[in-house]
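> Chains A and B, in that order, are what the protein sequence lines are.
Taking my numbering, the leading residue of the first sequence gets 1, the next gets one more, and so forth.
Taking my numbering, the leading residue of the second sequence gets 198, the next gets one more, and so forth.
The beta-carbon is built from N, C-alpha and C at its ideal position, and this holds for glycine as well.
Here you go, one structure.
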Amino acid sequence: MSAQIYSVFTTEAIHAEPLDYGAVSLSTMPHCIKVIIRGEHDNAAFIAAVQEATGLSAPTRANSVSSNDTSELIWLGPSELLYRLHNETLLAGDTVQRLQNALQGVHSAVVDVSDYYTTLKLAGPDARRVLRKGTPLNVDVALADGSDCAQTRFGHAAILLTQADGQAEDGFILQVRWTYAEYLWTFLAEAMQEYRT
Amino acid sequence: MLLIECPWCGQRDQTEFSAHGEAHIARPTETATLNDEQWGNYVFFRSNSKGLHYERWTHDFGCRRWFNAVRDTVSDQFLVTYKPGEPAPDAKQLTQQLSDATSGTAKVSGV
Numbered sequence: 001m002s003a004q005i006y007s008v009f010t011t012e013a014i015h016a017e018p019l020d021y022g023a024v025s026l027s028t029m030p031h032c033i034k035v036i037i038r039g040e041h042d043n044a045a046f047i048a049a050v051q052e053a054t055g056l057s058a059p060t061r062a063n064s065v066s067s068n069d070t071s072e073l074i075w076l077g078p079s080e081l082l083y084r085l086h087n088e089t090l091l092a093g094d095t096v097q098r099l100q101n102a103l104q105g106v107h108s109a110v111v112d113v114s115d116y117y118t119t120l121k122l123a124g125p126d127a128r129r130v131l132r133k134g135t136p137l138n139v140d141v142a143l144a145d146g147s148d149c150a151q152t153r154f155g156h157a158a159i160l161l162t163q164a165d166g167q168a169e170d171g172f173i174l175q176v177r178w179t180y181a182e183y184l185w186t187f188l189a190e191a192m193q194e195y196r197t
Numbered sequence: 198m199l200l201i202e203c204p205w206c207g208q209r210d211q212t213e214f215s216a217h218g219e220a221h222i223a224r225p226t227e228t229a230t231l232n233d234e235q236w237g238n239y240v241f242f243r244s245n246s247k248g249l250h251y252e253r254w255t256h257d258f259g260c261r262r263w264f265n266a267v268r269d270t271v272s273d274q275f276l277v278t279y280k281p282g283e284p285a286p287d288a289k290q291l292t293q294q295l296s297d298a299t300s301g302t303a304k305v306s307g308v
């Protein structure tokens, strides 16, 4: 038993099978395109260009996400958005190019951060309880709605929390700097042990 | 647990923030003509006040933005937080607010 528990805390475990404990599960998400778009949100030309290039309405409320089936536009700050695109055939560079073309002449910056972050999915009825063990965030208030997101802390790792499929019940997507991915995985794996059935 | 109101993204735990010293310290404009004492005053000397203190903070684990706060250095209570570039709240009014709160006549907002 102890050897079995220990194995979920190793680096290899991150790329291996998801941890499925019934009431809570942990897995890595497939790679997706991630692009940081900087520009003042009160600049109408900036918002219009972003909406045209992404096909999404820009999130104007702090800590919110607008999404469709394949992409998300996430509020990171008053002058910063994160665009996540789930598409296995598109190249990140082409997506950046498309955004830069749309933003031509508008005060802005577009940066590809696809490989800078790893995304983990924590799902199941006990996912909220596991999440509460590592973050000071009031999860029930901050993530009450499916379109809510939050940048916060989990242990020592800075994370971006969104909700899977825009549904508050389905689970959480944790985006973390890849150098912290092992730390986050082992922290979550340990936190999940008590909910093992 | 101390909660701090980030003017950009709302109320969060203090461990998401870090403090960066006194706010509203303007860099001298005539730098070429300053003597050592004037430079020293600008670079090193701070008000170090007991009571209301205007200071700069960043929301490191959240939106990563800067903001200003007025904090009571005696009780650690945050009286108000506001965005950079906004005028500093009036100290007299805040002191009044604070004394009202401690005497139980009013509640301090934004805490």
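1) Which runs of the alpha helix (DSSP H), 4 residues or longer, sit entirely within the region 235–261 of chain B?
2) At a CB distance below 7 Å, what residues from the region 147–162 of chain A approach chain B? Give them in sequence order.
3) Look at residue 95 of chain A and residue 33 of chain A and say whether their C-beta atoms are less than 8 Å apart.
4) DSSP has residue 118 of chain A in a bridge; who is on the other side?
5) To test your reading of the DSSP string, which unbroken alpha helix (DSSP H) runs of 4 or more residues are found completely within the region 10–49 of chain A?
6) Starting from the C-beta of residue 190 of chain A, find all residues in its chain whose C-beta is less than 6 Å away, skip the five residues before and the five after it, and write them out in chain order.
7) What separation, rounded to the nearest whole angstrom, lies between the Cα atoms of residue 3 of chain A and residue 185 of chain A?
8) Under a CB-based cut-off of 8 Å, is residue 2 of chain A close to chain B?
9) Taking a Cβ distance cut-off of 7 Å, strictly less, list which residues of the region 249–268 of chain B are near chain A, in chain order.
10) So, under 8 Å CB-CB, residue 39 of chain A and residue 114 of chain A are touching, yes? Tell me the CB distance rounded to an integer number of Å.
11) Mapping DSSP to helix, strand and coil, what is residue 101 of chain A?
12) For residue 93 of chain A, count neighbouring Cβ atoms within 10 angstroms of its own Cβ and tell me buried if that reaches 16, exposed if not.
13) Quick one: list the residues of chain B neighbouring residue 120 of chain A, beta-carbon separation under 9 Å, in chain order.
14) Could you spell out the range, first to last residue, of the alpha helix (DSSP H) harbouring residue 61 of chain A?
15) How big is the Cα-Cα spacing for residue 246 of chain B and residue 270 of chain B?
16) Give me the Cα-Cα distance between residue 303 of chain B and residue 293 of chain B, rounded to the nearest whole angstrom.
17) Go through its chain and collect everything with a Cβ distance to residue 178 of chain A's Cβ below 6 Å, but skip five positions before and after it.
18) Evaluate residue 142 of chain A with the Cβ neighbour count: other Cβ atoms within 10 Å of its Cβ, from every protein chain shown; 16 or more gives buried, anything less gives exposed.
19) If you compare alpha carbons, which of A/47, A/42 and A/74 is closest to residue 148 of chain A?
20) Consider the Cβ of residue 212 of chain B: report whether some Cβ of chain A lies at a distance smaller than 8 Å.
21) To the nearest whole angstrom, what separates the beta carbons of residue 197 of chain A and residue 21 of chain A, a pair I think is in contact under 8 Å?
In brief:
1) none
2) 151, 152, 153 and 158
3) Counted from its first residue, the first sequence places residue 95 of chain A at position 95. Counted from its first residue, the first sequence places residue 33 of chain A at position 33. Cβ atoms of residue 95 of chain A and residue 33 of chain A: closer than 8 Å.
4) Within the first sequence, residue 118 of chain A is the residue found at index 118, counting from 1. For residue 118 of chain A, which the question treats as bridged, DSSP gives the partners A/176.
5) 11–15
6) For the purposes of this step, residue 190 of chain A is identified with residue 190 of the first sequence, where counting begins at 1. Nothing listed; no residue qualifies.
7) Translated into positions along the first sequence, residue 3 of chain A becomes position 3. Translated into positions along the first sequence, residue 185 of chain A becomes position 185. Its pLDDT being 48, under 50, residue 3 of chain A is placed unreliably by the model, and the measurement read from it follows with that caveat. One C-alpha to the other measures close to 17 Å.
8) Taking the first residue of the first sequence as 1, we reach residue 2 of chain A at position 2. With a pLDDT of 47 at residue 2 of chain A, under the threshold of 50, the predicted position of this residue should be treated as unreliable, though the coordinate-derived value follows. No - not a single Cβ of chain B is within 8 Å of the one on residue 2 of chain A.
9) 258, 259, 260, 261 and 262
10) As a working mapping, residue 39 of chain A is identified with position 39 in the first sequence. As a working mapping, residue 114 of chain A is identified with position 114 in the first sequence. Not quite, the Cβ-Cβ distance comes to about 20 Å (not below 8 Å), so this is no contact.
11) Taking the first sequence and counting its residues from 1, one reaches residue 101 of chain A at position 101. Helix.
12) The count along the first sequence starts at 1 and reaches residue 93 of chain A at position 93. Exposed, since its Cβ has fewer than 16 Cβ neighbours within 10 Å.
13) Position 120 of the first sequence, counted from the first residue, corresponds to residue 120 of chain A. Chain B residues near residue 120 of chain A: none, gap ~17 Å exceeds 9 Å.
14) Here residue 61 of chain A is taken as the residue at index 61 of the first sequence, counted from 1. Neither: residue 61 of chain A is in no alpha helix (DSSP H) and is coded neither H nor E.
15) Taking the second sequence and counting its residues from 1, the one referred to as residue 246 of chain B is at position 49. Taking the second sequence and counting its residues from 1, the one referred to as residue 270 of chain B is at position 73. About 8 Å.
16) On the second sequence, position 106 is the one that residue 303 of chain B refers to. On the second sequence, position 96 is the one that residue 293 of chain B refers to. Interpretation of residue 303 of chain B is limited by its pLDDT of 49, a score under 50 that renders its predicted location unreliable; no figure is taken from the coordinates.
17) Locating residue 178 of chain A in the first sequence gives position 178, counting from the first residue. So the qualifying residues of the chain are 118.
18) For this step, residue 142 of chain A is matched to residue 142 along the first sequence. With 16 or more Cβ atoms within 10 Å of its Cβ, residue 142 of chain A is classed as buried.
19) Residue 148 of chain A sits at position 148 when you count from the first residue of the first sequence. It is A/74 whose Cα lies nearest to the Cα of residue 148 of chain A.
20) In the second sequence, counting from the first residue as 1, residue 212 of chain B sits at position 15. Yes - at least one Cβ of chain A is within 8 Å of the one on residue 212 of chain B.
21) On the first sequence, position 197 is the one that residue 197 of chain A refers to. On the first sequence, position 21 is the one that residue 21 of chain A refers to. That pair is a contact at about 6 Å.
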